[in-house]
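Novice:
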Amino acid sequence: MRIEIRDLRHTYPTGEEALKGVSFTIEGVTPVAVVGQNGSGKTTLVKHFNRILSPTSGAVLIDGVETTKQSTAKWSKRVGYVFQNPDDQLFLNSVRKEFEFGPERVGVPAADIQKRLPEIAELCGLGDKLDSHTFDLTATQKKFCAIGSVMMMDPDVIIFDEPTCGQDVEGSRRLSEIIGHLEKRGKLCVTISHDMKFVAANFPRVVALCHGRVLIDGDSREVFAKPELLKKSFVSPPPISRVSLGMGFEKPAFSVDELVETMKARRRKMA
Amino acid sequence: MSVDTVIEVKNLSFRYAGERKQALKDLSFTVGRGEFLCIIGPNGAGKSSLCNALVGLIPSYFSGAKKGGVSVLGQDTEGTSVANLASKIGLVFQNPFNQISYTTSTVEEELAYGLCNIGAPRDEMRRRVKEIAETIRVGGLLRKNPLELSGGQIQRVAIGSTLIMRPSILVLDECTTQLDPLGSEEVFDIVKRLNKDGITVVMVDHDMERVARCADRVLVMNDGQLLAIDTPRAIFNGIFQSHGVDMPEYARFGAAMSGAGMYGGPALLTEREAINAGKAAIAV
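Going line by line, the protein sequences match chains A and B.
The numbering used here puts the first residue of the first sequence at 111, with every later residue one more than the last.
The numbering used here puts the first residue of the second sequence at 314, with every later residue one more than the last.
What follows is the structure, encoded as structure tokens:
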């Protein structure tokens, strides 16, 4: 999988210039997080990946094909987009129907749909909710229903827009599991998030946007080692990273255990 | 009820009509005047139900089987109209779009909505709208349509439309969950300032680092029950990790250092405390 973004600019009809020349390439299936303050252009950027939006200038190429060469309906087989607000996406009267709708539309054989369904329902924690009305789901379950209905399309790329919003510990754990599952199955996951603990734990690569441009793009350890630069886009490294940097370590720690191990090593060296 | 108690919850249980599960199970606690109380717990723990009960929406709006009771400023919420309670205790919903009236075309009218409903005189409405607009920092937006505002702005307007009734207690149900970090800080700053000015705050929050930093006391809920209510330092000492409740990363760091024999002090609650304890541990 290769997504190439070439000097992408996007100006909305209101005259608002949301992207002012963005260039970077995603190669392979290592999960990528897109971060930055509201209005930095994150959602505008990822909506170009399946042509929900078309470039004002510049281009986005999916495996070498410009997105403008075919319709969003065609792209949605390969690039799935999960909306931030599940109420913008869900519209049928049961979880099962939501799950079946997408693949049915693009002509996936019924037998294949029925094969995918239980596995994805299980991953999304909705195994016992298939016949529930989507109105009767909790906010968390709705979010997972929206995620599951896009996974049912079995796209090569899946985009999550703020998946952790409103999730508790259990919801975040389930999301990590889904992201791991997608990578194992050779799927690329691109995620917009404001939750830096979640980003550090799940995304080896981070692209930070600021006012429609790339502020910094790289290995998450290197990105979170630059808190001063990230401040420009109101991004703050996860708490434990800030503690490790504040203690004088060069690389930010991504978990409590990791930091304690580093400290033990330091103490051994000094003893 | 002592002079300084503003909310008293006594053996409160509630089951929504048509549900089998108890949403609230025998809760008892009090909230003191000017206190900043945070409610934490996993989704489905009963946090929102408790908020609804504190402001009287349970049982006046949500019907069901209720036992025990809530008294606000000495008045039992059952039998007191929500309109009457609104001048004592105000609720800010998680989603501002569930709160705004959708019947007004400007922020100014939206803020005045509650006062209109109680028939306040026009000049008083003007004065209070102006005052509230300053408090919630939307002075420049009064002529705008509420639906044109950013997430942080509309949440501030929702808070303002509650505050305009001059409640002395503000209950906020995850009012920053849907906002980006900047919008979240904007809203939280206002809550903090209101509390400093003497308003009692009861807030449901998922941001554990913030809870640790700001709460006077923390109330932990799971499965409709009150597990504990105590200071952040007492709550975040590790006991509740197994109840689906997240711990602030600083507190987990302190606990992990203790486990490794590198720290023996109380629970760590802030970045500064964590850095200092960490530095001390590697300076040995």
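Ideal placement from N, C-alpha and C gives every residue a C-beta, glycine not left out.
At a CB-CB cut-off below 9 Å, which residues of chain A make contact with LEU495(B)?
Specialist: Residue 495(B) sits at position 182 when you count from the first residue of the second sequence. Under the 9 Å cutoff, chain A gives GLN147, ASN148 and PHE344.
Novice: DSSP puts ASP486(B) in a beta bridge; with which residues?
Specialist: Residue mapping note: residue 486(B) aligns to position 173 of the second sequence, counting from 1. Bridge partners of ASP486(B): VAL517(B).
Novice: Would you say CYS448(A) faces chain B, with C-beta separation under 9 Å as the test?
Specialist: Past the boundaries of the shown model lies residue 448(A); chain A is included only from 111 to 381, so the question cannot be answered.
Novice: Please report how far the alpha carbon of ARG565(B) lies from the alpha carbon of VAL345(A), in whole angstroms.
Specialist: Taking the first residue of the second sequence as 1, we reach residue 565(B) at position 252. Taking the first residue of the first sequence as 1, we reach residue 345(A) at position 235. Going by C-alpha positions, ARG565(B) is about 22 Å away from VAL345(A).
Novice: Any Cβ of chain C within less than 9 Å of the Cβ of LEU236(A)?
Specialist: Absence of chain C from the displayed structure is noted, the protein chains being A and B.
Novice: Quick one: does GLU280(A) have its CB under 9 Å from some CB of chain B?
Specialist: Counted from its first residue, the first sequence places residue 280(A) at position 170. Output row for GLU280(A): interface = yes.
Novice: Anyone know if the C-beta pair for ALA366(B) and VAL383(B) falls short of 9 Å?
Specialist: Residue numbering aside, residue 366(B) sits at position 53 when the second sequence is read from its first letter. Residue numbering aside, residue 383(B) sits at position 70 when the second sequence is read from its first letter. Against a cut-off of 9 Å, the Cβ pair of VAL383(B) and ALA366(B) comes out as a contact.
Novice: Would you tell me roughly how many angstroms separate the C-alpha atoms of ASP367(A) and ASN312(A), rounded to the nearest one?
Specialist: For the purposes of this step, residue 367(A) is taken as residue 257 along the first sequence, with counting starting at 1. For the purposes of this step, residue 312(A) is taken as residue 202 along the first sequence, with counting starting at 1. Between ASP367(A) and ASN312(A), the C-alpha separation is close to 16 Å.
Novice: If the cut is a Cβ gap below 7 Å, which residues of chain A does ARG565(B) touch?
Specialist: Counted from its first residue, the second sequence places residue 565(B) at position 252. Under the 7 Å cutoff, chain A gives VAL366.
Novice: Anything in chain B within Cβ reach of VAL353(A), meaning under 8 Å, just list it in chain order.
Specialist: Indexing the first sequence from 1 puts residue 353(A) at position 243. Chain B residues near VAL353(A): GLU562, TYR563, PHE566, GLU584, ALA587, ILE588 and GLY591.
Novice: Thinking GLY578(B) and MET373(A) are a contact (beta carbons under 8 Å), I'd like their distance in whole angstroms, please.
Specialist: Taking the second sequence and counting its residues from 1, the one referred to as residue 578(B) is at position 265. Taking the first sequence and counting its residues from 1, the one referred to as residue 373(A) is at position 263. That belief does not hold up - the Cβ atoms of GLY578(B) and MET373(A) are roughly 16 Å apart, past 8 Å.
Novice: Along the chain, where does the beta strand (DSSP E) that runs through GLY382(B) open and close?
Specialist: Along the second sequence, read from residue 1 onward, the residue named residue 382(B) stands at position 69. Annotation: the continuous beta strand (DSSP E) that includes GLY382(B) extends over 377-385.
Novice: For LEU495(B), which residues of its own chain have a beta-carbon under 8 Å away from its beta-carbon, when the five flanking residues on both sides are left out?
Specialist: Reading the second sequence from its first residue, position 182 is the one you call residue 495(B). Counting only Cβ-Cβ distances below 8 Å, and skipping sequence neighbours, we find GLY465.
Novice: Taking 8 Å as the cut-off, is the CB of VAL345(A) close to at least one heavy atom of the ligand ADP?
Specialist: The ligand ADP is absent from the structure shown, which contains no ligands of any kind.
Novice: Residues of the segment 460-477 of chain B in Cβ contact with chain A at a cutoff of 9 Å, in chain order, please.
Specialist: SER463, GLY464 and GLY465
Novice: I need the straight-line Cα distance from PRO123(A) to THR153(A), nearest angstrom please.
Specialist: Counted from its first residue, the first sequence places residue 123(A) at position 13. Counted from its first residue, the first sequence places residue 153(A) at position 43. In this structure, the straight-line span from the alpha carbon of PRO123(A) to that of THR153(A) is close to 16 Å.
Novice: Among the residues of its own chain, which have a CB less than 8 Å from the CB of SER259(A), if the five just before and after it don't count?
Specialist: As a position in the first sequence, residue 259(A) is number 149, starting the count at 1. Excluding residues within five positions, the ones whose Cβ falls inside 8 Å are GLN199, LEU200, GLU208, PHE209, PHE211 and GLY212.
Novice: List, in chain order, every chain A residue whose beta-carbon is nearer than 9 Å to that of GLY453(B).
Specialist: Counting from one through the second sequence, the residue named residue 453(B) turns up at place 140. Correct list: empty, because the minimum Cβ distance to chain A is about 18 Å.
Novice: Where does SER303(A) fall in DSSP's three states?
Specialist: By one-based count along the first sequence, residue 303(A) stands at place 193. SER303(A): coil per DSSP, three-state reduction.
Novice: Where does the unbroken beta strand (DSSP E) through LYS130(A) begin, and where does it stop?
Specialist: Indexing the first sequence from 1 puts residue 130(A) at position 20. Unbroken beta strand (DSSP E) run through LYS130(A): 127-137.
Novice: Using 9 Å as the limit for Cβ to Cβ distance, is GLY358(A) near chain B?
Specialist: To locate residue 358(A), count along the first sequence from 1; it is residue 248. So, interface residue.
Novice: Measure the CB-CB distance between PHE349(B) and ARG530(B) and report whether it falls below 9 Å.
Specialist: The sequence position of residue 349(B) within the second sequence is 36, counting from 1. The sequence position of residue 530(B) within the second sequence is 217, counting from 1. Contact flag set, yes.
Novice: Secondary structure at GLU272(A), three-state DSSP: helix, strand or coil?
Specialist: Within the first sequence, numbered from 1, the residue matching residue 272(A) stands at position 162. If DSSP states are grouped into helix, strand and coil, GLU272(A) belongs with coil.
Novice: I'd like the list of long-range same chain contacts for SER497(B), defined as Cβ closer than 6 Å, with 5 residues on each side in sequence excluded.
Specialist: In the second sequence, residue 497(B) corresponds to position 184, counting from 1. Around SER497(B): THR489.
Novice: What does the alpha-carbon distance come out to for the pair ILE449(B) and CYS527(B)?
Specialist: As a first step, residue 449(B) is located in the second sequence; it is residue number 136 there, counting from the start. As a first step, residue 527(B) is located in the second sequence; it is residue number 214 there, counting from the start. So the two alpha carbons sit approximately 19 Å from each other.
Novice: Which residues in the same chain as SER400(B) place their Cβ atom closer than 7 Å to its Cβ, once the five residues preceding and following it in sequence are excluded?
Specialist: In the second sequence, counting from the first residue as 1, residue 400(B) sits at position 87. So the list reads MET478, ARG479 and PRO480, once near-sequence residues are dropped.
Novice: What number of angstroms, rounded off, separates the C-alpha of MET261(A) from the C-alpha of VAL205(A)?
Specialist: Translated into positions along the first sequence, residue 261(A) becomes position 151. Translated into positions along the first sequence, residue 205(A) becomes position 95. C-alpha separation (whole angstroms): 13 Å.
Novice: If you measure between the beta carbons of TYR426(B) and SER418(B), is that distance less than 9 Å?
Specialist: As a working note, residue 426(B) is residue 113 in the second sequence. As a working note, residue 418(B) is residue 105 in the second sequence. For TYR426(B) and SER418(B), no; Cβs fall outside 9 Å.
Novice: Below 8 Å, how does it come out for the segment 313-330 of chain A and the segment 133-153 of chain A: are there three or more Cβ pairs, yes or no?
Specialist: yes
Novice: Kindly confirm or deny that the segment 271-288 of chain A and the segment 302-312 of chain A touch, where touching means at least three C-beta pairs closer than 8 Å.
Specialist: yes
Novice: Closest Cβ-Cβ distance between PRO355(B) and chain A: below 9 Å?
Specialist: Counting from 1 along the second sequence, the entry for residue 355(B) is found at position 42. Yes - at least one Cβ of chain A is within 9 Å of the one on PRO355(B).
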